[in-house]
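Novice:
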Amino acid sequence: MRLIPALILVFVLLLLISRAFYSRQKGKMQIEMQLMFIFSMPLLGYLLGPGGFGIFDVESQVQIHPVVHLSLGWLGLYSGLFLGWQDIRRYTRAVLLFSLQEGLFTFSMITIVVLALLSAFGLNFFDALLGSLALGIAGTELSPMALTLLRNRFRDKSSFGFLVQSLAAMSGIISILLLGIVSPILSAESIFHYLLLLLFELLLGIILGLITVYVIHTIRHSQEFLIWLIAMLFISSGIAFYLRFNAIFMNFVLGSMIATFSMRRSAARRILEPLEEPAYFFLLLFAGLSLQVSWLYLFVGAAAFFGHFISKDISYKIYFGKDVIGSQTANYLKPAKFALGNLSIAVGINLLMLTESLMARQILGALTVQYVVSYLLFWFAARRIKAE
Numbered sequence: 241m242r243l244i245p246a247l248i249l250v251f252v253l254l255l256l257i258s259r260a261f262y263s264r265q266k267g268k269m270q271i272e273m274q275l276m277f278i279f280s281m282p283l284l285g286y287l288l289g290p291g292g293f294g295i296f297d298v299e300s301q302v303q304i305h306p307v308v309h310l311s312l313g314w315l316g317l318y319s320g321l322f323l324g325w326q327d328i329r330r331y332t333r334a335v336l337l338f339s340l341q342e343g344l345f346t347f348s349m350i351t352i353v354v355l356a357l358l359s360a361f362g363l364n365f366f367d368a369l370l371g372s373l374a375l376g377i378a379g380t381e382l383s384p385m386a387l388t389l390l391r392n393r394f395r396d397k398s399s400f401g402f403l404v405q406s407l408a409a410m411s412g413i414i415s416i417l418l419l420g421i422v423s424p425i426l427s428a429e430s431i432f433h434y435l436l437l438l439l440f441e442l443l444l445g446i447i448l449g450l451i452t453v454y455v456i457h458t459i460r461h462s463q464e465f466l467i468w469l470i471a472m473l474f475i476s477s478g479i480a481f482y483l484r485f486n487a488i489f490m491n492f493v494l495g496s497m498i499a500t501f502s503m504r505r506s507a508a509r510r511i512l513e514p515l516e517e518p519a520y521f522f523l524l525l526f527a528g529l530s531l532q533v534s535w536l537y538l539f540v541g542a543a544a545f546f547g548h549f550i551s552k553d554i555s556y557k558i559y560f561g562k563d564v565i566g567s568q569t570a571n572y573l574k575p576a577k578f579a580l581g582n583l584s585i586a587v588g589i590n591l592l593m594l595t596e597s598l599m600a601r602q603i604l605g606a607l608t609v610q611y612v613v614s615y616l617l618f619w620f621a622a623r624r625i626k627a628e
């Protein structure tokens, strides 16, 4: 009986967040208000969950898993809409190569460090590998949201700021691709089974994407376009939930098909944009509901965060050079190195959806704490620059 009031409360919260965060007149909110929701949503989820007032018990959490899959699917679909062939052609070969090298360097550095630490603490190899891969993927992305907040705050319109924000977006795409490659390991019983699962997820995303492209090509009214786009999101996320596939990756492939083959990709982006903050903060709320703290994973999570910061700092200094990094514009954007991308929470939730294990809850707890702390550091660094 606790599920009904809990769902009503979550529905009201989402309406309030949607109203607060998206307005055609005012656009995106200021940095302090956005950070307030980042800090408060996990805390609110924890208070609603078993560790707090118990409105959401474990059984209730399982019953809202389809909604969680839908939110993860939206994240993948919206990200995929920015990876069409024309979007890729906007960047030079050097930029694309740097994005790939920097993403793989960050992922490899974090994964190796965390794997060594977890193995030293006595975990079996598979659990240590799974934890290190999850933390490695979560730490690969440089937060585009943090860069947007900084550029809006300091009214930065420089080409350097645009380039760094584009690189941050590319790092998120690399994180999704890595997540898509790694996820079938959780269900595979052999290498052949792994390749079969990966191929099946990829083909499902391509087929659903091509169906969506064909359908929206024949639609003229914007209302029908919205209905079909949301319907395909429901179908793709539902298939991922039923087959225990990666909803982020499947919908990412679907979105990239729309971005590549449809002339209405910009309209699709505009339709999904108002759901950006509500979807992210619902995932933060769910992360708080599922919070399970483990000192081991908090420790290795801190090491992973340190690896994220160091690898980003090294990569950007090598690529841009000390003169560019030391400029005033670069100085405004430096606090973004502290902030983790929104995919870090999604990686932990995706792992929990696929395994529903205690270890997955502990990893998600570490990622949630890591995410909140990273934005605290980002906030203090941004205020320091403003004061100077």
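If you count the sequence shown from 1, position 335 lands on 575 in this note's numbering, and the numbers rise without skipping.
All residues carry an ideal CB built from backbone N, CA and C; glycine is no exception.
1. Between the C-alpha atoms of S399 and I304, what's the straight-line distance to the nearest angstrom?
2. Count the C-beta pairs between the region 576-590 and the region 604-618 that are closer than 8 Å, then say yes if the count reaches three, no if not.
3. Quick one: grab the DSSP three-state call for L473.
4. What residue range does the alpha helix (DSSP H) around L363 cover?
5. Relative to the C-alpha of F277, which residue among I625, Y520, F620 is closest?
6. Here's a check: name, in chain order, each residue in its chain whose Cβ is nearer than 8 Å to the Cβ of Y537, leaving out the five neighbours to either side.
7. For L218, which option in S530, V613, Y556 has the closest C-alpha, if you only look at C-alpha atoms?
8. Can you tell me whether L580 is helix, strand or coil according to DSSP?
9. Does DSSP put L321 in a helix, in a strand, or in coil?
10. Buried or exposed: which applies to R264, given that a residue is buried once 16 or more other Cβ atoms fall within 10 Å of its Cβ?
11. Count the other C-beta atoms from every protein chain shown that fall within 10 angstroms of the C-beta of A338, then say buried if there are 16 or more, exposed otherwise.
12. Does the distance from the CB of L310 to the CB of G528 come in under 8 Å?
13. Alpha carbon to alpha carbon, how far is L419 from D327? Give it in angstroms, no decimals.
14. Does any C-beta atom of chain B lie closer than 8 Å to the C-beta of L448?
15. Quick one: measure Cβ to Cβ for S502 and H461, integer angstroms, because I've assumed they're closer than 8 Å.
16. Since F492 and E441 are thought to touch, with beta carbons under 8 Å apart, how far apart are those beta carbons, to the nearest angstrom?
17. In this structure, how does DSSP classify L531 when only helix, strand and coil are distinguished?
18. Using CA coordinates, which residue listed in G401, Q463, L483, V455 is at the minimum distance from M472?
19. Measure the alpha-carbon distance for L417 versus M497 and round it to whole angstroms.
20. When the Cα atoms are used, what is the spatial distance from L443 to F474?
21. Measuring alpha carbon to alpha carbon, tell me which of I470, A579, G376 ends up nearest T452.
22. What's the gap between the Cα of S383 and the Cα of W314?
23. For L523, which residues in the same chain have their Cβ closer than 7 Å to its Cβ, ignoring the five residues on either side in sequence?
24. Please name the residue in L363, F546, G294, F620 whose C-alpha comes closest to that of M349.
25. For the candidate residues V613, R329, A576, whose alpha-carbon lies nearest to that of A622?
26. Could you give the distance in angstroms between the alpha-carbon of S319 and the alpha-carbon of S597?
27. How about A544 and L321: are their beta carbons less than 8 Å apart?
28. Is the separation between the beta-carbon of M599 and that of D367 shorter than 8 Å?
29. Does the Cβ of A360 have 16 or more other Cβ atoms within 10 Å, making it buried, or fewer, making it exposed?
30. Should L573 and L387 be called a contact, given that it needs their Cβ atoms to be closer than 8 Å?
31. Per the DSSP calculation, L382 is bridged to which residue(s)?
32. What is the residue span of the alpha helix (DSSP H) that L512 lies within?
33. Kindly list the residues whose CB is nearer than 6 Å to the CB of L616, restricted to its own chain and excluding five residues on each side of it in sequence; keep chain order.
Specialist: So, from the listed chains and residues:
1. To locate residue 399, count along the sequence shown from 1; it is residue 159. To locate residue 304, count along the sequence shown from 1; it is residue 64. Each residue's Cα considered, the two are about 43 Å apart.
2. They touch, by the three-pair rule.
3. Here residue 473 refers to the residue found at position 233 of the sequence shown. It is helical.
4. In the sequence shown, the residue the question calls residue 363 occupies position 123. Taken as a continuous stretch (DSSP letters only), L363 belongs to no alpha helix (DSSP H), as it is neither H nor E.
5. One-based indexing of the sequence shown puts residue 277 at position 37. Per the Cα distances, Y520.
6. Here residue 537 corresponds to residue number 297 of the sequence shown, with the count starting at 1. The beta carbon of Y537 sits closer than 8 Å to the beta carbons of G371, Q602, I603, G605, A606 from its chain, once the five residues preceding and following it are set aside; these are given in chain order.
7. A question about residue 218 goes unanswered here, because the residues of the chain that appear run from 241 up to 628.
8. Residue mapping note: residue 580 aligns to position 340 of the sequence shown, counting from 1. If DSSP states are grouped into helix, strand and coil, L580 belongs with the strands.
9. To locate residue 321, count along the sequence shown from 1; it is residue 81. DSSP places L321 in coil when its eight states are reduced to three.
10. As a first step, residue 264 is located in the sequence shown; it is residue number 24 there, counting from the start. Confidence in R264 is poor, its pLDDT being 42 and thus under 50, which makes the residue's placement too unreliable to answer from.
11. The sequence position of residue 338 within the sequence shown is 98, counting from 1. Per the sequence presented here, residue 338 reads as Phe, with Ala not at that position. F338 is buried by the Cβ-count criterion.
12. Numbered from 1 along the sequence shown, position 70 holds the residue referred to as residue 310. Numbered from 1 along the sequence shown, position 288 holds the residue referred to as residue 528. Result no, Cβ atoms of L310 and G528 do not sit closer than 8 Å.
13. Taking the sequence shown and counting its residues from 1, the one referred to as residue 327 is at position 87. Taking the sequence shown and counting its residues from 1, the one referred to as residue 419 is at position 179. Approximately 21 Å, taken between the alpha carbons.
14. Considering every chain present, this structure includes no chain B. It has just one protein chain.
15. Taking the sequence shown and counting its residues from 1, one reaches residue 502 at position 262. Taking the sequence shown and counting its residues from 1, one reaches residue 461 at position 221. Not a contact, Cβ separation roughly 16 Å.
16. What you label residue 492 is simply residue 252 of the sequence shown in a count that begins at 1. What you label residue 441 is simply residue 201 of the sequence shown in a count that begins at 1. In this structure F492 is not in contact with E441, their Cβ atoms being roughly 10 Å apart against a cut-off of 8 Å.
17. As a working mapping, residue 531 is identified with position 291 in the sequence shown. DSSP places L531 in the coil class of the three-state scheme, outside both helix and strand.
18. For the purposes of this step, residue 472 is identified with residue 232 of the sequence shown, where counting begins at 1. For M472, the closest C-alpha among the options G401, Q463, L483, V455 is that of V455.
19. Your numbering for residue 417 matches position 177 in the sequence shown. Your numbering for residue 497 matches position 257 in the sequence shown. Cα to Cα, the separation comes out at about 15 Å.
20. Start at 1 with the first residue of the sequence shown, and residue 443 comes out as number 203. Start at 1 with the first residue of the sequence shown, and residue 474 comes out as number 234. Per the coordinates, the alpha-carbon of L443 lies some 17 Å from the alpha-carbon of F474.
21. Numbered from 1 along the sequence shown, position 212 holds the residue referred to as residue 452. Taking only the C-alpha atoms, the option nearest T452 is I470.
22. By one-based count along the sequence shown, residue 383 stands at place 143. By one-based count along the sequence shown, residue 314 stands at place 74. So the two alpha carbons sit approximately 18 Å from each other.
23. The count along the sequence shown starts at 1 and reaches residue 523 at position 283. Listed in chain order, the non-local C-beta contacts of L523 below 7 Å within the same chain comprise S311, I585, A586, I589, local neighbours out to five positions each way being set aside.
24. Indexing the sequence shown from 1 puts residue 349 at position 109. For M349, the closest C-alpha among the options L363, F546, G294, F620 is that of F546.
25. Position 382 of the sequence shown, counted from the first residue, corresponds to residue 622. It is A576 whose Cα lies nearest to the Cα of A622.
26. Against the sequence shown, residue 319 aligns to sequence position 79. Against the sequence shown, residue 597 aligns to sequence position 357. One C-alpha to the other measures close to 28 Å.
27. Locating residue 544 in the sequence shown gives position 304, where the first residue counts as 1. Locating residue 321 in the sequence shown gives position 81, where the first residue counts as 1. Contact flag unset, no.
28. The residue labelled residue 599 in the question sits at position 359 within the sequence shown. The residue labelled residue 367 in the question sits at position 127 within the sequence shown. Yes, the pair counts as a contact, with Cβ atoms nearer than the cut-off.
29. Within the sequence shown, residue 360 is the residue found at index 120, counting from 1. When all chains shown are included, A360 counts as exposed.
30. On the sequence shown, position 333 is the one that residue 573 refers to. On the sequence shown, position 147 is the one that residue 387 refers to. Yes.
31. Position 142 of the sequence shown holds residue 382. According to DSSP, residue pairing for L382 in a beta bridge involves L580.
32. In the sequence shown, residue 512 corresponds to position 272, counting from 1. Unbroken alpha helix (DSSP H) run through L512: 505-512.
33. Translated into positions along the sequence shown, residue 616 becomes position 376. Same-chain partners within the cutoff: there are none.
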